[in-house]
Amino acid sequence: MPLHAYLVLAALVFVIGLFGVLTRRNAVGILLGIELMLNAVNINLVAFSRFRADLAGLIFTLFTIAITVAEVAVGLAIVIVIFRVRRTIEADHLDLLRG
Amino acid sequence: MIPAPPVALGALLPALIVFGTGVLVLLLDLVPPRTKDHLGGVALAGIVIALLGSISLWNHETRAFRDMVLLDNYALFFHVVICYAAALAVLLSIDYLRRNGVESGEYYALLLFSTAGMMLLASAGDLLIVFLGIELMSLSLYVLAGLFKMRLASGEASMKYFLLGAFATGFLLYGIALIYGATGSTNFDRIAAAAAARPRDTLVTIGLGLLLVGFGFKISSVPFHMWAPDVYEGAPTSVTALIATGSKAAAFAALIRVLTVALRAAQPDWSVLLWAVAAVTMTAGNVIAIAQSNLKRMLAYSSIAHVGYMLVGLVAGGVPGAGAVLFYLLAYTFTTAGAFGAILLVERSDGEAVEVGDYAGLARRHPVLAATLGLFLLSLVGIPPLAGFVGKFYLFGSAVRAGYLWLTVIGVLNSAIAAYYYLRVIVYMYMREPEGVEVRLVPSFAGGVALAIALVGIVLLGVMPAPFADLAQVAVAPLLR
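Here the protein sequences come in this chain order: P and L.
The first sequence: position 71 = 71 (our numbering), numbered continuously.
Start counting at 1 in the second sequence, then tack on 99, and there's your number in our numbering.
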């Protein structure tokens with residue numbers, strides 16, 4: 001497959017993730033959208049790495065995967081803290097701070 | 100095969116000292132005594148050692164990990180700014196945490212980890228390190244913002260900060276991936292060489308745009324600023340001070356280096372883009388700040404406006420422009436950390452005093468604190484002889500010399516708008532009768548020390564700015580060769 005096929009795939013995954021972030025009202029749903037966006041980046045990096053025969057992209061991908069996991073762990077912890085206090089994780093209900 | 104690079108930890112030394120102190124604080128948290136009073140002192144000691152180390156390394160440039168980490172004067176300048184921001188945040192935290200019953204070892208550990216991330220960001224010579232630094236900094240700050248677990252606003256601030264921060268990371272990474280694809284490298288120097296060989300590459304341009312979206316969130320420039328007021332208001336005030344100063348300085352450090360070193364060939368593109376962003380950011384920040392009655396929120400919009408001013412320097416470019424941004428960041432760090440620190444020391448019987456009305460008549464009962472807060476606000480307005488004035492003078496001066504007259508006009512008009520809402524607080528403190536709930540000054544030795552340091556900083560920078568401005572120019576000069 002040519003390089004641009006991978007790039008189009010990555011762009012599609014990124015846009016689907018973006019759509020999810022912008023339309024989901026549930027914090028976990030938004031988090032899943034963000035995950036899709038980050039995984040689109042991984043597809044890009046691996047594809048570039050493969051077609052340029054350069055390992056740096058693959059190594060970068062390892063870092064993104066590891067850090068994304070840490071990010072999700074922190075994110076879910078925050079979701080749990082909020083749920084304990086408020087009994088909701090709907091983004092629309094988090095409207096104390098505004099102005 | 101990739102040859103294993105020699106491990107030269109020396110280039111990471113200041114960041115490692117801070118990181119090591121964070122680990123030490125976590126360990127000390129587990130052993131007696133049960134009180135946590137000493138942990139703040141340990142954290143402060145670590146930051147001060149890193150600060151002194153950074154100063155002593157001045158002019159000793161070190162590159163390590165195949166140029167991924169650069170400990171040059173530019174990085175060291177930012178190390179000093181970041182260490183000051185972190186030290187002020189720790190000093191402000193010590194009594195504040197006790198007062199709110201959330202004393203814990205992990206608070207100081209997270210604060211130190213995030214500081215280490217900021218320092219890593221300042222010495223990044225590779226997009227991979229930029230990514231690592233941003234994440235180390237941000238992940239710790241997301242948790243710190245939600246420190247008051249039982250307060251609704253704190254959790255909400257944490258959640259908003261996290262979701263928008265992670266969202267921004269997605270854009271940043273996508274931009275990095277495209278630039279890597281176009282140039283075949285993530286190293287700044289090699290990107291610059293590849294981009295110069297093939298100017299106006301579409302992939303690089305798109306990558307640049309996405310990178311700017313990611314950085315725009317981190318420095319809170321319009322239109323990616325909407326998280327800042329909510330997070331600044333909801334987060335514990337000591338954490339707000341760190342988010343407003345240290346994290347912004349670190350993001351600017353990486354942004355300036357990426358733009359002026361790696362993407363130098365695309366300067367016509369990004370300077371046009373940043374021109375518009377700077378104008379909109381200044382104006383939106385100042386205009387919305389007028390309508391705020393919550394002081395923390397007002398300072399959040401004011402900090403957005405200040406990002407706009409700093410972008411003016413980046414648009415002006417060259418050593419004077421970039422040097423002015425560095426100087427402004429130093430001045431801004433002292434001023435903003437001081438302003439948040441002063442707010443943190445005022446308390447109502449039912450919580451924190453953050454409404455403008457709470458400050459009515461403050462000068463009569465607490466003249467010293469009112470005068471201190473007044474001076475920080477005057478520095479934010481840009482009244483001579485305080486740091487804010489000199490900083491703005493350098494920024495707008497560099498813009499005029501580079502021929503950006505309209506941008507300077509917008510900037511100066513904005514400073515006039517800004518005077519209104521800063522001076523309103525001073526009018527409340529000095530010319531109004533106390534109203535409503537009684538406010539009191541919280542006695543705090545550490546907090547007083549923090550305010551004194553910040554105050555000395557803004558006066559010193561305002562009265563004799565030349566040596567510091569020279570240091571800033573020396574720091575940026577090698578980047579722009």
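Don't be surprised by glycine CBs; every beta carbon is placed ideally from N, CA and C.
DSSP has residue i in a bridge; who is on the other side?
i: L223(L); result: Reading off the sequence shown, one finds Ala at residue 223(L), where the question assumed Leu. BP columns for A223(L) point to V168(L).
i: T161(L); result: L170(L)
i: N39(P); result: Bridge partners of N39(P): none, in fact.
i: L540(L); result: V445(L)
i: E90(P); result: N26(P)
i: N393(L); result: E454(L)
Can you list, in chain order, the residues of its chain with a C-beta nearer than 8 Å to that of residue i? Leave out the 5 residues immediately preceding and following it.
i: I154(L); result: L175, V179
i: W374(L); result: V414, Y503, L506
i: E90(P); result: R25, N26, A27
i: R500(L); result: A415, P419
Between residue i and the rest of its own chain, which residues show a CB-CB distance below 6 Å, the 5 nearest in sequence each way excluded?
i: V229(L); result: A223, A353
i: S337(L); result: A188, L191, S192, Y195
i: N385(L); result: A404, N513, I516, A517
i: L570(L); result: none
i: M409(L); result: V424, Y427
i: L58(P); result: S49
Within a Cβ cutoff of 7 Å, which residues of the same chain sit near residue i, ignoring the five residues on either side of it in sequence?
i: S284(L); result: I290, A293
i: L9(P); result: I43
i: A144(L); result: none
i: C182(L); result: I146, A149, L150, S153
i: F567(L); result: F426, L429, L560
i: I82(P); result: I89
i: A142(L); result: T120, V124, V189, Y207, L210, L211
i: G535(L); result: G456
i: L36(P); result: V13, I16, G17, G20
i: L477(L); result: L485
i: E202(L); result: K135, L196
Compare the beta carbon distance of residue i and residue j with 9 Å and say whether it is the shorter of the two.
i: L341(L); j: L210(L); result: yes
i: Y431(L); j: P328(L); result: no
i: G481(L); j: G487(L); result: yes
i: I67(P); j: L231(L); result: yes
i: Y331(L); j: A343(L); result: yes
i: E446(L); j: L394(L); result: no
i: L7(P); j: A47(P); result: yes
i: T268(L); j: I318(L); result: no
i: V303(L); j: A208(L); result: no
i: L540(L); j: H465(L); result: yes
i: I355(L); j: L578(L); result: yes
i: I509(L); j: T339(L); result: no
i: F60(P); j: L227(L); result: yes
i: V376(L); j: G315(L); result: yes
i: L309(L); j: L277(L); result: yes
i: L550(L); j: A452(L); result: no
i: V575(L); j: A421(L); result: yes
i: M249(L); j: V85(P); result: yes
i: L62(P); j: Y279(L); result: no
i: E205(L); j: D128(L); result: yes
i: V169(L); j: P113(L); result: A small fix is needed here, since residue 169(L) is Leu in this sequence, not Val. No, they are not a contact pair.
i: A334(L); j: L251(L); result: no
i: R588(L); j: A295(L); result: Residue coverage of chain L in this structure runs from 100 to 580, which leaves residue 588(L) outside it and unanswerable.
i: T161(L); j: A215(L); result: no
i: G345(L); j: A545(L); result: no
i: F270(L); j: G313(L); result: yes
Roughly how far, in whole angstroms, is the beta-carbon of residue i from the beta-carbon of residue j, given that I think they are within contact range, below 8 Å?
i: G473(L); j: A553(L); result: Rounded, the Cβ-Cβ distance is 13 Å, inconsistent with contact.
i: L96(P); j: E532(L); result: The pair is not a contact, with the Cβ atoms about 30 Å apart (cut-off 8 Å).
i: T435(L); j: S402(L); result: 6 Å
i: M217(L); j: M236(L); result: 5 Å
i: S253(L); j: F247(L); result: 4 Å
i: W369(L); j: L307(L); result: 6 Å
i: D166(L); j: D300(L); result: That pair is no contact at about 22 Å.
i: I389(L); j: Y529(L); result: Their Cβ separation, rounded to whole angstroms, is 20 Å, which puts I389(L) and Y529(L) out of contact at 8 Å.
i: Y273(L); j: A5(P); result: The pair is not a contact, with the Cβ atoms about 18 Å apart (cut-off 8 Å).
i: A498(L); j: V406(L); result: With a Cβ gap of about 15 Å, A498(L) and V406(L) do not count as contacting.
Quick one: list the residues of chain B neighbouring residue i, beta-carbon separation under 7 Å, in chain order.
i: A256(L); result: Of the protein chains in the structure, P and L, none is chain B.
Every unbroken alpha helix (DSSP H) inside the stretch 236-308 of chain L [4 residues or more]: 251-282, 287-296
Contiguous alpha helix (DSSP H) assignments of at least 4 residues, all confined to the stretch 422-503 of chain L: 461-464, 466-480, 486-500
Every unbroken beta strand (DSSP E) within the stretch 333-373 of chain L, with a cutoff of 3 residues, ordered by chain: none
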